[in-house]
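Chains as they are written, first to last, in the working numbering: chain A, 1 to 437; chain B, 1 to 252. Heads up, the beta-carbon is just placed ideally off N, CA and C, and yes, glycines get one too.
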Amino acid sequence: MSPAQHYVEHYRTLALPGRHLPWLRRLREEAQSRFSEAGFPSPREEEWKYTNVSALEKKLFVPSVGTPTAVADTSALARLRLEDAWSLVFVDGIYSAEHSVTDGLPEGVIATSLANALERYPDRIEGLFNQAVPQDAHGFIAFTIAYFRDGAFVHLPPGKILDKPLQVIHFSTRPDGLSVARNLVALEQNAEATVVETYAGTGDLSYLTASVTEISVGENAGLEHYKLQSETVKGYHFGGIYAREARSARFRQHHLAFGGLLARTEIHAHLGLGAECELDGLFLATGRRHLDTQTLIHHRAPCGTSRETYRGIAADRARGVFSGRIVVHPDAQKTDAEMSNRNLLLSEDAEIDSKPQLEIHADDVKCAHGVTVGQLDPEAVFYLESRGVDEPTARNMLTFAFANEMVEKIRPSSLNRLVQDELLSSLPQSDIRKDWL
Amino acid sequence: MLKIENLHVRVDDTPILKGISLDIKPGEVHAIMGPNGSGKSTLSHVLAGRAGYEVTAGTVSYLGRSLLEMKPEERAREGVFLAFQYPVEIAGVSNIYLLKAALNAIRKHKGLSEVDAMDFLKLVKEKIKAVNLDEQFLYRGVNEGFSGGEKKRNEILQMAVLEPRLCILDETDSGLDIDALRLVAEGVNSLRSPDRSFILVTHYQRLLNYIKPDCVHVLAYGRIVKSGDASLALELEKKGYGWVDQLVSVGA
């Protein structure tokens, strides 16, 4: 049985949400046949050149059935939780009301599970669902359409502002488990919010999480969106964040990837007239991890501004991939786009592939990009050693410093602390004193 | 304190130091002067333990131990301090973090407990005032975006906090205006004590207007061609480095 057939079989008997909606049924059927034919993407596809997911085809992950499992190791979940934030928690791909905190959301703001929202607000979902993903979606996206069990639904009416972050936690607890999620975040005009997606799992379990987030930022609205990918050392992760920005919208995305054995995140943004987009990111790949980030910014209308700053670190035998593409469409005059990607290799066996691409189809634009891949500066290592710091600690300090410049861009202080902790625990032989920072 | 005997050093295949001998007693200040390319910086770096230098002959004894066998961090913990000619900028590591890490590494080496956070802050604030840097410099990345003079004063700040036994100042005076020079000199003078020694590596005599050395050595072509007291620096200033070439040819 091919992997695709395996999943088709598994899901045949599973009650997926939204069965009562013809439009969704049709989408699911189409996606299922596309996935059955094509399966997961292959390295023959240009955008998957550096990331071979064939390992996934050898393992068959199993979706959980029935009600959400209680999280046995609540301390792992508690550690990820931001103080002073609302939360939607998904355990093994299914919404857990027990672990979620939605009390006190401003009136009119919806933060709930997508399964619930499909019952209560089907029309609203229809207008948003599958609108931001690429038209020629690859196998993973088709897989999530066909088989999503749940996900977050966040909706802010015009002018609403969330004064605390909303955290969406996807937590995996089952060996060889499979979680497939679709999240929708929609901000109407002049609304503002901070949304933090967090992915993690128990111990060193192997599992697959596939989670696609579609974002719609309305006219003059502002979304600050974070993703912390902290899956287990044997976890597989596919994530996609696809955003559409209306006129004068502001979208700021910060992607922090430390976990997973094989993980990929795609971040796409489509900018409307005068929209602003800031994409920041940091990955630290240790051990034998393979971390891949693909970004794509479409300047579709005039006067858009985009700033992209990514840093990557690979240690041990790990591999990192960064592909950053900016497309300036013919109508997008007065576009101002900058991309910077700096990478640090900590070992001879580590590898980072960086591929910046600018495609400019308008003539009155400002675009710049720069990429570096390097090692720790021996002069700086010696400087620290000459102050009494031993070599491994000096190297850690410099690595931390390189990464921390991206951590400092995280605005919510509780997330800043959490990410700093993640970073420190991911650094090999870390000897950075947190209490001195 | 420090005894260098017949030190020969090569970089790649080029001999840079060709038999240096120096004896520095506790409390003494030695100035090493010489033209560009004479090997001054090489000497500083070799003493601090920088990689890339090959010692082909000679010994260096520091407080009775063979300095060349010690790792750079061990030298630092034993009290050797190099004030860099070009201090490195390290974005992302705050100045105060490095000071704390360095001070505690030295304390741990001495078998002392970690410095109390409040005592440390008090100490650092007092020392930073002495070098006339604003306290906000403590929270910036090490040397990040500092001007040339600020970097040099930051080196003196580290020296003042770490209280080393042997201070090597590698052209700390270069690129400083007169006010910064005076501050650096004051920093050094306030640290002078009977059990602390200094090596001032410098191209110019003017630093020695503010820090009076016990001995002056002229380094040229990898050798010390003349040693004397403070008056030698003045003589050198008057006669210029052309005089050194005469000394070398006479010596040869």
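Nearest to residue i (by Cα), restricted to the options the options
i	options	result
B:Gly58	B:Leu22, B:Gln136, B:Asp229, B:Leu138	B:Leu22
A:Ser172	A:Thr74, A:Ile161, A:Leu156	A:Thr74
B:Glu281	A:Phe143, A:Ala380, A:Leu418	Residue 281 of chain B cannot be examined here, being either before or after the span of chain B that is shown, 1 to 252.
A:Ile313	A:Arg307, A:Val321, A:Ser306	A:Val321
B:Gln158	B:Ala130, B:Arg65, B:Ala117	B:Ala130
B:Val153	B:Asp214, B:Leu234, B:Pro87, B:Leu98	Sequence inspection shows Arg at residue 153 of chain B; the Val mentioned does not correspond to that position. Closest option to B:Arg153, Cα to Cα, is B:Pro87.
A:Val195	A:Val53, A:Asp349, A:Ile352, A:Ser87	A:Ser87
A:Ser100	A:Ala55, A:Tyr121, A:Ala152	A:Ala152
B:Thr56	B:Pro72, B:His8, B:Gly111	B:His8
A:Gly259	A:His361, A:Glu9, A:Lys234, A:Leu279	A:Lys234
A:Gln32	A:Ile145, A:Arg44, A:Asp435, A:Ala318	A:Ile145
A:Pro41	A:Pro356, A:Glu197, A:Lys59, A:Phe143	A:Phe143
B:Glu28	B:Asp195, B:Arg65, B:Asn132	B:Asp195
B:Glu74	B:Glu54, B:Leu98, B:Gly49	B:Gly49
For residue j and residue i, the rounded distance between their alpha carbons
i	j	result
A:Pro175	A:Tyr207	6 Å
A:Leu178	A:Arg34	20 Å
B:Pro35	B:Ile4	21 Å
B:Glu237	B:Ala51	33 Å
A:Val419	A:Leu205	21 Å
B:Ala252	B:His217	Any reading at B:Ala252 is ruled out, since the residue's pLDDT is 45, under 50, leaving its predicted position unreliable.
A:Glu126	A:Leu424	42 Å
B:Gly240	B:Tyr210	20 Å
B:Phe84	B:Ser249	32 Å
A:Gly374	A:His298	29 Å
A:Ala285	B:Ser227	56 Å
B:Ala233	B:Ser38	16 Å
A:His255	A:Pro428	21 Å
A:Leu282	A:Ala403	7 Å
A:Glu47	B:Val161	53 Å
B:Glu150	B:Val60	32 Å
B:Leu67	B:Ala220	24 Å
A:His361	A:Gly324	17 Å
A:Leu128	A:Gly287	39 Å
B:Phe81	A:Arg182	58 Å
A:Pro122	A:Asp163	27 Å
Proximity below 8 Å, CB of residue i to CB of residue j
i	j	result
A:Ser347	A:Leu82	no
A:Ala193	A:Leu228	no
A:Arg252	A:His225	yes
B:Thr42	B:Val11	yes
A:Ser216	A:Ala137	no
A:Leu184	A:Ala85	no
B:Met295	B:Leu166	Absent from the structure is residue 295 of chain B, since the part of chain B shown begins at 1 and ends at 252.
A:Ala246	A:Gly272	yes
A:Glu405	B:Ala91	yes
A:Gly139	A:Glu188	no
A:Ile267	A:Thr305	no
B:Arg223	B:Lys40	no
A:Leu437	A:Thr399	no
A:Pro17	A:Ala115	yes
Host alpha helix (DSSP H) of residue i (start-end)
i	result
B:Leu112	It is not in any alpha helix (DSSP H) - B:Leu112 carries neither H nor E in the DSSP assignment.
A:Asn416	413-426
B:Asp179	178-191
A:Met495	Chain A is shown from 1 up to 437; residue 495 of chain A falls before or after that span and cannot be answered.
A:Asn183	Taken as a continuous stretch (DSSP letters only), A:Asn183 belongs to no alpha helix (DSSP H), being part of the beta strand (DSSP E) at 177-187.
B:Asn154	148-162
B:Leu200	That residue, B:Leu200, is in no alpha helix (DSSP H); its beta strand (DSSP E) goes 197-202.
A:Arg441	Nothing about residue 441 of chain A can be read from this structure; chain A reaches only from 1 to 437.
A:Gln5	3-12
A:Trp23	22-38
Beta strand (DSSP E) segment containing residue i, residue limits
i	result
B:Thr59	54-62
B:Arg223	223-228
A:Tyr236	236-245
A:His268	262-271
A:Leu208	207-217
B:Ser94	90-94
A:Pro356	351-360
A:Gly312	305-314
Cutoff 8 Å: residue i Cβ touching any chain C Cβ
i	result
B:Glu150	Considering every chain present, this structure includes no chain C. Its protein chains are A and B.
beta-carbon residue i near the ligand COA non-hydrogen atom, thresh 7 Å
i	result
A:His268	Questions concerning the ligand COA fall outside what the structure shown contains, since it holds no ligand whatsoever.
**OP:** Determine contact between the stretch 134-146 of chain B and the stretch 184-196 of chain B, defined as no fewer than three beta-carbon pairs at a distance below 8 Å.
**Re:** Contact between the stretch 134-146 of chain B and the stretch 184-196 of chain B is absent: fewer than 3 CB-CB pairs across the two stretches fall below 8 Å.
**OP:** Report yes or no: do three or more beta-carbon pairs, one from the stretch 357-370 of chain A and one from the stretch 337-348 of chain A, lie closer than 8 Å?
**Re:** Contact check between the stretch 357-370 of chain A and the stretch 337-348 of chain A: three or more CB pairs, one atom from each, fall below 8 Å, which counts as touching.
Subject >> Given 8 Å, three or more beta-carbon pairs between the stretch 201-217 of chain A and the stretch 227-240 of chain A >> reply: A contact exists between the stretch 201-217 of chain A and the stretch 227-240 of chain A.
Original post:
Just checking, does the stretch 373-392 of chain A make contact with the stretch 281-299 of chain A on the three C-beta pairs under 8 Å criterion?
Top reply: Contact fails: fewer than three Cβ-Cβ distances are below 8 Å.
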